[in-house]
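Colleague: Chains L, P, S and A are the protein sequences, given in the same order.
Sequential numbering from 2 applies to the first sequence in the working numbering.
Sequential numbering from 2 applies to the second sequence in the working numbering.
Sequential numbering from 37 applies to the third sequence in the working numbering.
Sequential numbering from 37 applies to the fourth sequence in the working numbering.
Beta carbons are placed, not taken as given, at the ideal position from N, Cα and C, and that holds for glycine.
Before we start, here is the structure in question, set down as structure tokens.
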Amino acid sequence: MSDVVRPYGDTTGDGMVQLSFTLPIPHDKRAEGAAAQLARKMGLDPAMVVHAKAMGPDFTFFVVYGAVSHLVDLREVEVVERDYPLLGPKEVNAAIKTRLRRPLVVVGGCIGTDAHTVGIDAILNIKGFAGEKGLEYYAEIEVHNLGAQVSIPDLVERSRQTRADAVLVSQVVTQKDAHLHNTRELSAAFREAFPASRRPLLVVGGPRFDEHQATALGVDRIFGKGTTPGEVASYLVHRIAPATPPASPEHRRAS
Amino acid sequence: MSDVVRPYGDTTGDGMVQLSFTLPIPHDKRAEGAAAQLARKMGLDPAMVVHAKAMGPDFTFFVVYGAVSHLVDLREVEVVERDYPLLGPKEVNAAIKTRLRRPLVVVGGCIGTDAHTVGIDAILNIKGFAGEKGLEYYAEIEVHNLGAQVSIPDLVERSRQTRADAVLVSQVVTQKDAHLHNTRELSAAFREAFPASRRPLLVVGGPRFDEHQATALGVDRIFGKGTTPGEVASYLVHRIAPATPPASPEHRRAS
Amino acid sequence: MSRIPTAAQQLALDPATVRRARALARKVGGPVVRIAKAHTTVSVERATLRLAGLAGADVEGIPWANRLVDVVRDQVGLEHGVALPVWDAMARSGDDLTVLAQKAAAGSVTFRVPDAGAARTAARRARSAVAQGFRRIDRNRRTREKLIGRYGDPPTPWVYLIVATGDIYEDIPQAQAAAREGADVIAVIRSTGQSLLDYVPEGATREGYAGTYATQENFRLMRAALDDTSKELRRYVRLTNYASGLCMPEIATLAGLERLDMMLNDSMYGILFRDINPIRTFVDQRFSRAVHARAGIIINTGEDNYLTTADAVEAAHTVTVSQLLNEYFAKEAGLADWQLGLGHAFEVDPELPDSFRLELAHALLARALFPDAPLKWMPPTKHMTGDVFRGYLLDAFFNLAGELTGQGILLVGMMTEAVVTPWLSDRDLALQNVRYVRNAAGNLREDFRPAPDGFIATRARAVLGEAVELLERIAADRGNAPLLTAIGDGTFGLMKRPADAGRGLDGVVRKAPGYLNPALDLLAEGATR
Amino acid sequence: MSRIPTAAQQLALDPATVRRARALARKVGGPVVRIAKAHTTVSVERATLRLAGLAGADVEGIPWANRLVDVVRDQVGLEHGVALPVWDAMARSGDDLTVLAQKAAAGSVTFRVPDAGAARTAARRARSAVAQGFRRIDRNRRTREKLIGRYGDPPTPWVYLIVATGDIYEDIPQAQAAAREGADVIAVIRSTGQSLLDYVPEGATREGYAGTYATQENFRLMRAALDDTSKELRRYVRLTNYASGLCMPEIATLAGLERLDMMLNDSMYGILFRDINPIRTFVDQRFSRAVHARAGIIINTGEDNYLTTADAVEAAHTVTVSQLLNEYFAKEAGLADWQLGLGHAFEVDPELPDSFRLELAHALLARALFPDAPLKWMPPTKHMTGDVFRGYLLDAFFNLAGELTGQGILLVGMMTEAVVTPWLSDRDLALQNVRYVRNAAGNLREDFRPAPDGFIATRARAVLGEAVELLERIAADRGNAPLLTAIGDGTFGLMKRPADAGRGLDGVVRKAPGYLNPALDLLAEGATR
Ligand code: B12
Ligand code: B12
Ligand SMILES: Cc1ncc(COP(=O)(O)O)c(C=O)c1O
Ligand SMILES: Cc1ncc(COP(=O)(O)O)c(C=O)c1O
């Protein structure tokens with residue numbers, strides 16, 4: 002397989018894609034031209050405006066098909082690959098027991114006004130997700146699931162009280178980038194509340210996060226849709242109870 | 002309304018669009034990254050890969066949502082506007098009678114291997130389209146509908162025999178640009194067979210043509226999806242029996 | 037054309053079992069009503085003031101109703117209600133309500149619980165002031181009835197669409213566009229987090245997340261816009277919002293005052309999904325339902341929510357139990373059958389064999405149990421994915437189930453359910469879906485005849501059986517409010533919510549013997565003065 | 037689970053009317069069969085040579101079969117068939133068939149119509165050569181039966197998917213992908229224009245427009261690829277192509293030789309939609325159907341095509357008439373009920389009220405009239421638009437109708453119908469649609485009980501009535517082939533096709549008394565030598 006590919010409609014290299022959008026203009030010939038203009042700006046050539054429908058007097062909906070000229074260079078794809086070994090519950094427990102020599106403490110919840118707990122529960126509750134048990138199931142992990150709509154000050158407070166090793170936060174509502182704002186606030190608050198060396202690991206998750214943005218948002222790791230508890234547990238072990246301690250101590254608290 | 006607009010999801014200016022395509026690569030994290038890369042190249046930022054599905058071992062289908070940064074400039078939209086008055090059947094007949102003083106002869110059909118006659122029939126047959134009668138209904142228009150899969154030499158021949166004023170050709174199959182190839186062949190053949198001054202008007206139509214391409218394809222006019230017979234009749238009168246004869250005689254035959 | 041058998045006939049439900057289910061709901065709900073009657077809450081008291089015309093907020097946006105109730109509570113407590121102290125103070129100072137609130141907020145009013153003549157005066161004046169609010173609510177109800185009389189009511193299921201931009205000024209054109217495309221009901225979704233605010237924001241708002249704040253002014257703006265559209269379309273377009281969260285009674289009141297037509301209002305949603313204290317919820321709920329009853333507002337209950345966390349097959353009977361409880365509480369508060377938009381949803385895992393027939397079974401069961409209620413039928417959400425094509429397909433079958441089982445209110449599903457709050461085009465496409473299904477296959481109901489011994493009827497009877505069992509298990513508790521015990525034990529939606537915890541508990545006050553609330557009186561009496 | 041009544045019971049069809057309809061089809065079809073028996077065509081003769089093993093083409097790509105038949109025809113005419121002159125010449129020269137064809141093309145062979153002993157020798161040798169072809173066809177049939185025996189047959193409706201890239205090497209992976217996703221049948225759509233070619237192209241091809249050329253090599257490549265996939269999936273994946281156009285008999289033969297499993301093969305499609313001469317069509321068709329019968333191939337007829345030009349409600353009865361005629365011609369040619377994939381389609385205007393129920397009525401009527409035929413159910417095409425979401429929705433209801441009415445072969449609809457020939461992803465999405473509908477709602481058939489006096493049954497009976505009327509009108513013609521008159525008058529699909537015009541007429545030859553065609557004999561006798 003080549004490293005450079007194009008979208009595939011029914012023939013290798015045809016570059017075909019489907020597109021739909023609304024323009025805030027009435028439906029007429031000009032509107033169809035405007036739709037074609039946008040499609041061309043997106044790289045479709047030719048762009049076939051195959052459907053246009055007035056939605057009231059001020060908006061028009063379009064469906065466009067066409068070939069894009071862009072090439073996808075697979076060598077340039079950046080993927081947040083799993084950079085830690087995937088462990089089973091037994092291995093996780095054993096690692097914590099032998100290396101950390103105390104339970105690993107996790108505090109979790111949905112911050113801000115977000116009340117979508119199904120995702121964080123999938124990671125934390127015994128019931129788990131996709132056939133894997135959640136972190137509560139791990140004998141060596143102590144889980145404090147604070148549930149929905151936890152305020153950031155409360156979260157900081159509980160992390161302090163419980164001497165949390167890691168704080169796990171879920172954000173599902175993304176309208177107006179709510180998840181990004183909240184995550185930035187979260188990391189700012191923890192940076193303010195803890196000296197770098199004692200700050201718990203900050204892990205956020207939710208279906209619409211871009212996993213590359215961890216650094217930009219000031220957190221240690223982002224988990225996207227379909228995450229399983231085992232991945233999270235393995236990551237926590239890797240960061241908090243690593244096989245060989247990390248070269249630079251980073252921001253791990255003294256245990 | 003401003004002259005510059007952006008796609009509209011649920012808020013003015015949000016730029017949101019929906020996109021779907023297939024990449025010829027197996028479904029894994031890299032594939033999702035590749036999909037995001039393509040979306041970014043198309044101008045989506047952020048690009049949310051909201052769905053990815055393996056289609057067998059070699060292909061992956063994606064649905065992407067996101068905001069495009071492109072602006073649509075309505076002033077730059079080119080539209081093939083109707084540059085002739087829309088006439089009713091009575092007016093068309095009267096114009097031909099008084100100005101041409103003989104019936105206007107039209108030859109039509111589907112060329113090449115295309116057998117989709119519904120479109121050309123909609124324009125030519127009495128039954129018509131969208132409530133408008135077809136050209137056969139016009140007393141002053143003489144219609145020769147040759148039907149499906151007419152070869153270009155046959156079409157040239159029949160145009161000569163009938164002394165056609167206009168040749169109307171439909172092309173519905175567009176796979177591998179069949180319609181474009183056929184149209185180019187058509188115009189080449191007519192240019193070869195007729196002196197410029199006697200060449201019949203060449204009109205092509207079909208649902209997937211780009212109306213701007215007439216000159217590029219060497220024809221006089223292109224009609225797209227939803228064309229009605231009245232539009233075509235009005236155009237023919239405008240070109241063949243104009244109110245004031247065109248400044249330069251162009252390629253009209255002596256009558 | 038042959039007559040369509042009723043849902044109960046189609047399912048061959050045993051009438052004795054149905055009666056038993058209702059009796060159990062009453063048995064379980066009764067003690068909770070007694071508790072609700074014995075308490076008031078800050079929001080009930082604020083709602084009373086709002087009925088009397090108190091509006092507006094201080095510079096920080098805290099409503100005068102909150103400021104006033106807080107001061108009264110600080111000074112004399114709320115166990116006698118806010119009416120006596122407030123109208124007593126007004127009688128003494130001659131201030132109007134707003135001025136009094138402002139002065140109180142500034143710390144310059146001293147309240148007392150009046151007695152004897154002063155109490156009678158205060159009570160009389162309070163009643164007369166609050167009655168004005170009810171008269172406005174009554175007028176709104178008559179206006180609605182007049183408009184519906186003029187335009188006629190749309191056929192069921194009513195097409196119910198949401199707008200959720202967060203900005204009332206984007207919501208309005210989107211709502212109007214949706215109405216033009218065929219929506220019978222527009223719901224303005226609330227901003228995340230509003231349910232936990234212990235005050236109702238003021239004014240027109242543009243900054244909600246995933247929804248728009250419920251404010252009196254937003255209500256007014258949207259109702260006025262939809263009135264315009266109703267006129268244009270010659271079809272009365274209903275408006276919906278949420279009487280839930282910590283301000284349920286006040287929002288119910290504002291809905292009545294601004295002629296909203298439907299309100300989301302569930303007896304347990306706030307408890308389970310917002311961790312609001314159970315007592316607070318039941319007290320607030322009883323007040324708000326009485327207001328809805330008066331205002332001619334249809335409530336929509338929230339059973340669909342259970343199925344977003346629990347499995348729709350395993351937990352099907354919890355939906356039925358909740359519907360029975362919602363019905364009991366609603367009727368107790370004065371609502372009529374036609375006002376009960378009992379909720380349920382199309383949430384069976386689409387991968388399950390016969391999933392569509394399971395949906396039909398569940399939907400028919402609700403139809404059979406509540407033949408006169410305009411059931412609110414909620415679309416697939418949990419099993420929606422980013423595959424918007426598949427989403428459009430599931431929504432079509434949801435629409436079909438709605439038609440085949442005679443649902444009353446069809447909350448139209450969006451293909452982008454798993455992606456974004458609905459776009460303008462999502463709504464347009466969704467309505468096209470509804471229209472096609474209804475027009476092409478709506479009458480298929482005549483040809484749909486599940487056999488009494490068939491898969492569908494058998495499943496429906498099984499769910500009813502499980503519901504009765506669950507109610508029996510709850511009723512078997514020997515405590516003085518078995519339902520509260522059950523809620524505390526995690527019986528519903530797997531959430532444990534003990535009666536002595538949860539948000540808003542500090543806003544609950546046990547009534548003293550002299551407690552007075554003219555709103556409750558006017559509601560109970562159906563009086564206008 | 038209660039028993040599902042048959043379609044005929046559900047519709048309360050009058051058995052006498054059904055019998056009358058069949059009798060009329062026989063009356064109308066009979067004279068055409070007599071005409072077909074009295075003629076041969078160039079393609080029938082070429083097919084005979086192909087059965088005897090003649091393959092390959094000259095440098096210009098003209099098949100040796102064409103070259104040889106043309107020379108024979110030039111020299112001695114075809115009224116005695118090609119077999120006698122050809123095997124006579126071979127007997128004389130000792131050449132094999134290919135060498136003879138090459139020499140003939142080079143002009144170095146002189147043909148004659150042998151008589152007496154020479155004729156008997158030629159006839160014997162011809163029969164023995166052609167019989168080899170049939171033995172190969174018979175072996176293929178046994179192989180198919182063995183594979184199906186091994187893997188079992190999929191439940192109906194069989195999922196039928198098209199590939200249409202124009203390039204056999206793109207088609208193959210797409211077909212395999214489709215099979216993996218659940219296709220039971222793969223159809224390779226032909227290039228536009230192939231039907232008007234009076235020869236079958238040779239070799240693997242990559243340059244078709246909107247379809248791939250039907251060639252023996254393409255057949256072989258695709259069948260081999262699908263055999264691999266069948267093995268991988270442990271499910272026999274059927275392969276379909278088109279026995280239509282000017283080379284219908286040859287393509288039918290190649291299909292038998294390469295173990296294709298189904299063939300599009302309609303008695304009137306070529307006449308109406310390709311302006312192929314009616315006599316040519318009926319002669320070619322009779323031969324090709326006899327080959328299909330022998331090969332165990334299921335034919336698919338093309339009634340769906342009428343509804344792309346005519347209105348599906350107005351013209352519903354023409355579909356029924358054509359189905360009855362196709363049945364008559366098919367049985368006359370030796371096909372069994374299980375081989376009759378009679379066509380019909382979901383093409384009612386979706387804007388019409390009750391459009392879905394009209395579809396159900398039409399589909400049930402076909403089911404009732406042909407209870408043992410594996411009806412081929414075609415998806416919406418005419419009313420598909422560029423709105424791919426709406427398209428996906430219509431396809432879902434098409435799938436549902438297929439399940440509710442027990443169709444045999446489900447030609448899966450594509451959301452991009454009005455846009456492009458199907459993309460890989462269209463097929464994947466389409467299969468997901470089928471799977472959902474089948475899994476979620478397939479058993480809804482048990483709950484679907486149109487009342488005998490209801491909309492659906494009434495409509496079905498009305499269509500049958502109109503069909504009988506139309507057949508009566510055709511039969512009333514006093515000419516010697518009323519069906520040909522009717523076709524000439526534009527009775528079907530509004531197209532006038534007189535018997536003495538149309539493409540391929542010059543390839544029709546009236547048989548002389550001594551006409552010999554060992555293929556026809558072997559077919560008639562069911563013999564293997
Ligand atoms: C269930 C649900 C609800 C339930 C929530 C119940 C509950 N207790 O959680 C109820 C009915 C209460 C609800 C309410 C609302 N909802 Co809601 N809801 C959904 C729904 C249908 C499913 C979400 C879900 O449970 N997914 C399943 C879980 C397992 O997936 P997940 O969250 O992605 O989690 C996985 C990964 O992301 C990851 N992960 C997630 N978090 C974390 C955290 C960590 C640390 C890690 C490591 C991993 C991780 O691991 C999980 C397992 O793989 C979605 C639509 C959909 N189909 O997606 C809408 C949706 C999320 N809801 C939405 C909205 C807007 C609301 C409301 C705000 C609407 C309103 N205004 O009233 C309300 C209010 C809620 C609030 N205040 O936040 C929108 C959000 C739009 C957006 N993109 O901004 C959605 C997308 C629907 C829509 N299209 O409008 N909702
Ligand atoms: C009906 C139909 C058929 C019928 C045609 C019957 C007939 N006598 O025409 C039948 C069943 C025979 C058929 C066969 C095939 N079809 Co077809 N068919 C269609 C279908 C469903 C509708 C087309 C139609 O009638 N539209 C209605 C008319 C009124 O619209 P119109 O053509 O756009 O015409 C309007 C304008 O465009 C304009 N116009 C058109 N021509 C002209 C000419 C002039 C001079 C003017 C002024 C205006 C004008 O005015 C008309 C009125 O507004 C489309 C799918 C779809 N829903 O669009 C596929 C479609 C066109 N077919 C297609 C294909 C591939 C085929 C086949 C080649 C498949 C095969 N390999 O076997 C065959 C073979 C046909 C051939 N050799 O060409 C493809 C084309 C793909 C592509 N873009 O290249 C389509 C899009 C389906 C698909 N997605 O695969 N088909
Ligand atoms: C009954 C009910 N109340 C309220 C809400 C809204 O939630 P919130 O209280 O977060 O506004 C919902 C959610 O749809 C609901 O179903
Ligand atoms: C019965 C039948 N034959 C043949 C065809 C194919 O057309 P063509 O002959 O152009 O290949 C069709 C079209 O779908 C058909 O239905």
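(1) Given that P:A37 touches chain A, what residues does it touch there, using C-beta distances under 8 Å?
(2) Taking 8 Å as the cut-off, is the C-beta of S:S280 nearer than that to any heavy atom in ligand 3?
(3) For a test of your reading of the model: does the CB of L:Q172 fall under 8 Å from any non-hydrogen atom of ligand 3? Yes or no.
(4) Just list the residues that DSSP pairs S:R546 with in beta bridges.
(5) For the putative contact between S:A466 and S:D423, defined by C-beta atoms under 8 Å, what is the C-beta separation to the nearest angstrom?
(6) Could you name the residues of chain P that A:R271 contacts, counting a contact when the two beta carbons are closer than 8 Å?
(7) Assign L:P243 to one of three DSSP states: helix, strand, or coil.
(8) Tell me whether P:N183, by its Cβ, gets closer than 8 Å to a heavy atom of ligand 2.
(9) Put A:L467 into one of helix, strand or coil per three-state DSSP.
(10) Just the C-alpha distance for S:Q168 and S:V319, rounded to the nearest angstrom, thanks.
(11) Quick check on S:H380: buried or exposed, where buried means 16 or more other Cβ atoms within 10 Å of its Cβ?
(12) What are the uninterrupted segments assigned as alpha helix (DSSP H) that are 4 or more residues long and contained completely in the segment 217–300 of chain A, given in chain order?
(13) At which residues does the alpha helix (DSSP H) containing S:K570 begin and terminate?
(14) Please identify, using Cβ separations under 8 Å, the residues of the segment 9–20 of chain P that lie next to chain L, in order along the chain.
(15) Identify the contact partners of A:D622 in chain L, using a Cβ-Cβ distance below 7 Å as the criterion.
(16) For a test of the three-state rule: what should DSSP assign to P:R254, helix, strand or coil?
(17) Does S:V319 get closer than 9 Å to chain P when you measure Cβ to Cβ?
(18) Would L:S21 be called buried (16 or more neighbouring beta carbons within 10 Å of its own) or exposed?
(19) Can you name, in chain order, every residue of its own chain whose Cβ lies under 8 Å from the Cβ of A:I98, other than the five neighbours on each side?
(20) Please list, in chain order, the residues of the segment 78–109 of chain P that have any C-beta partner in chain L closer than 8 Å.
(21) Output, in sequence order along the chain, the residues in the segment 55–69 of chain P whose CB is closer than 8 Å to any CB in chain A.
(22) What does the alpha-carbon distance come out to for the pair S:N277 and S:T77?
(23) Tell me which residue opens and which closes the alpha helix (DSSP H) that A:Q46 is part of.
(24) Can you tell me the Cβ-Cβ gap for A:K418 and A:L343, rounded? I've got them flagged as a contact below 8 Å.
Modeller: By the coordinates alone:
(1) Residues of chain A passing the Cβ test: none, with the nearest at roughly 18 Å.
(2) yes
(3) no
(4) Answer by DSSP bridge pairing, in chain order: S:H75.
(5) Not quite, the Cβ-Cβ distance comes to about 16 Å (not below 8 Å), so this is no contact.
(6) Against chain P, the beta carbon of A:R271 has no neighbour under 8 Å; the closest one sits roughly 15 Å away.
(7) Reduced to three states, the DSSP call for L:P243 is coil.
(8) When distances are taken from the beta-carbon of P:N183 to the heavy atoms of ligand 2, even the shortest one reaches 8 Å or more.
(9) helix
(10) 23 Å
(11) buried
(12) 252–269 and 284–293
(13) With chain S running from 37 to 565 in the structure shown, residue 570 of chain S is simply not present.
(14) Y9, G10, T13, M17, V18, Q19 and L20
(15) Nothing about residue 622 of chain A can be read from this structure; chain A reaches only from 37 to 565.
(16) Below a pLDDT of 50, predicted positions are generally treated as unreliable, and P:R254, at 43, falls in that range; no measurement from the model is reported.
(17) Not an interface residue.
(18) buried
(19) Y235
(20) V78, E79, V80, V81 and E82
(21) M56, G57, D59, F60 and F62
(22) 21 Å
(23) A43 to L47
(24) 7 Å
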